[in-house]
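Down below is the structure, laid out as structure tokens.
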Amino acid sequence: MNKDENLTATSESAPTMPVLSTTPPDRSSSLFPPSPPATDERPVKSTDADDDSDRLLPVELQEHKALCERTLSPTPFAYFTVGRKEYRTLEQKIARVFKRFDYEPRRNCLTIRMPSPTHSYVASLFQQEVLTELNNVLTNYTDETKSIAKKIIGVQDCRIYLKETGDDYGPIRREPDIQFQYSDTTYPSVIGEVSYSQDGKDLKRLAQDYILYSDGDVKLVIGLDLNYRAEPSTVSLWRPEFTEIEGGLELGISEEVKQL
Numbered sequence: 001m002n003k004d005e006n007l008t009a010t011s012e013s014a015p016t017m018p019v020l021s022t023t024p025p026d027r028s029s030s031l032f033p034p035s036p037p038a039t040d041e042r043p044v045k046s047t048d049a050d051d052d053s054d055r056l057l058p059v060e061l062q063e064h065k066a067l068c069e070r071t072l073s074p075t076p077f078a079y080f081t082v083g084r085k086e087y088r089t090l091e092q093k094i095a096r097v098f099k100r101f102d103y104e105p106r107r108n109c110l111t112i113r114m115p116s117p118t119h120s121y122v123a124s125l126f127q128q129e130v131l132t133e134l135n136n137v138l139t140n141y142t143d144e145t146k147s148i149a150k151k152i153i154g155v156q157d158c159r160i161y162l163k164e165t166g167d168d169y170g171p172i173r174r175e176p177d178i179q180f181q182y183s184d185t186t187y188p189s190v191i192g193e194v195s196y197s198q199d200g201k202d203l204k205r206l207a208q209d210y211i212l213y214s215d216g217d218v219k220l221v222i223g224l225d226l227n228y229r230a231e232p233s234t235v236s237l238w239r240p241e242f243t244e245i246e247g248g249l250e251l252g253i254s255e256e257v258k259q260l
């Protein structure tokens, strides 16, 4: 598919990716270099993973890095289309340059995360509140409950790979704001994401991915959607929901939304 390996920046406010077409774009526009090779034939340069610079990154990502360095308030979530082959070559380089990012191979979608200090502060407070409750459990509950609580680890900005996608595209990479996980499990049991309504972060779709593509091993996704204007801030809770069907159980999602 010719557009599978294309890389272009998309609107920061709408993460929905366009439907891919087999018809190539109009290359007569001045926005494109003259007569480039077909996407599937475009050579992908090797990168030096130990190099912190943006050298050898595609132009769009170099420009985004420069923009982030020039402004005090970079776009919290910037979306780019990166084909799977190119992503495999660039992954380590992207990790060193941008630190936090998501990648969805089915949609060829690279999301660069640049959370603001306020965002990170709220995420830290959220994590601390949960850890405080866990400490309370360790102090006041039964030995059996204490034994369970001791195994829970709280981390921030740690990547996870959602492997239960049911296709051959490969796992989805995510870096949630916070997560709580038993030390001997593949997926975190609880994931938290913080969002501002204007930042383009789709909390519900993220929750669906976490739960469905972990095959229900993610037991709870908590979304904090913060607003500073007329709309109220909300906290949303998503959980796996199993429905009996002929031949087994069907995994779905339950949603609960509360105003703060």
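Each step along the sequence shown adds one to the number in UniProt numbering, with nothing skipped, and position 15 is 15. All C-beta atoms, glycine included, are put in the ideal place defined by N, C-alpha and C.
Problem - Supposed contact pair PRO76 and HIS119 - C-beta distance, whole angstroms, cut 8 Å - result: Reading the sequence shown from its first residue, position 119 is the one you call residue 119. Reading the sequence shown from its first residue, position 76 is the one you call residue 76. HIS119 to PRO76, Cβ: 7 Å. Contact.
Practice task
Could you spell out the range, first to last residue, of the beta strand (DSSP E) harbouring LEU221?
Solution key: Reading the sequence shown from its first residue, position 221 is the one you call residue 221. The question names Leu, but residue 221 in the sequence shown is Val. Its beta strand (DSSP E) spans residues 220–226.
Practice task
Write down the C-beta distance between GLY223 and SER195 rounded to the nearest angstrom, noting that I regard them as a contact closer than 8 Å.
Solution key: Along the sequence shown, read from residue 1 onward, the residue named residue 223 stands at position 223. Along the sequence shown, read from residue 1 onward, the residue named residue 195 stands at position 195. That pair is a contact at about 7 Å.
Exercise for the section: Classify THR145 as helix, strand or coil using the three-state DSSP reduction. Expected result: Numbered from its first residue, the sequence shown carries residue 145 at position 145. It is helical.
Practice task
Please name the residue, chosen from ASP225, SER254, GLU246 and GLY192, that lies closest to LEU212 on a Cα-to-Cα basis.
Solution key: Here residue 212 refers to the residue found at position 212 when the sequence shown is read from its first residue. With distances taken between Cα atoms, LEU212 lies closest to SER254.
Exercise for the section: Measure from the alpha carbon of GLN127 to the alpha carbon of each residue in GLN181, ASP168, THR81 and ILE112, then state which is nearest. Expected result: Taking the sequence shown and counting its residues from 1, one reaches residue 127 at position 127. For GLN127, the nearest C-alpha among the options comes from GLN181.
Practice task
Check whether the Cβ atoms of ARG84 and ASP102 lie closer than 8 Å to each other.
Solution key: In the sequence shown, counting from the first residue as 1, residue 84 sits at position 84. In the sequence shown, counting from the first residue as 1, residue 102 sits at position 102. Not closer than 8 Å, so no.
Handout entry: CA nearest to the CA of LYS219, picked from LEU203, GLN208 and ASN227
Key = On the sequence shown, position 219 is the one that residue 219 refers to. Of the candidates LEU203, GLN208 and ASN227, the one whose C-alpha sits nearest the C-alpha of LYS219 is GLN208.
Practice task
For ALA123, name the three-state secondary structure that DSSP assigns.
Solution key: If you number the sequence shown from 1, residue 123 lands on position 123. In this structure, ALA123 counts as helix in the three-state DSSP scheme.
Problem - Nearest-angstrom beta carbon gap, LEU260 and PRO232 [assumed within contact, 8 Å] - result: Here the question's residue 232 lines up with position 232 in the sequence shown. Here the question's residue 260 lines up with position 260 in the sequence shown. The pair is a contact, with the Cβ atoms about 7 Å apart (cut-off 8 Å).
Problem - DSSP-derived helix/strand/coil call for LEU162 - result: For the purposes of this step, residue 162 is identified with residue 162 of the sequence shown, where counting begins at 1. It is a strand residue.
Exercise for the section: Could you check which residue in THR186, ASP168 and GLU104 has the C-alpha nearest to that of ASP215? Expected result: Here residue 215 corresponds to residue number 215 of the sequence shown, with the count starting at 1. The shortest Cα separation from ASP215 among THR186, ASP168 and GLU104 belongs to THR186.
Practice task
Taking all protein chains shown into account, decide if THR160 is buried (16 or more other Cβ within 10 angstroms of its Cβ) or exposed.
Solution key: Working through the sequence shown from its first residue, we reach residue 160 at position 160. One detail in the question is off: residue 160 reads as Ile in this sequence, not Thr. Burial call: buried.
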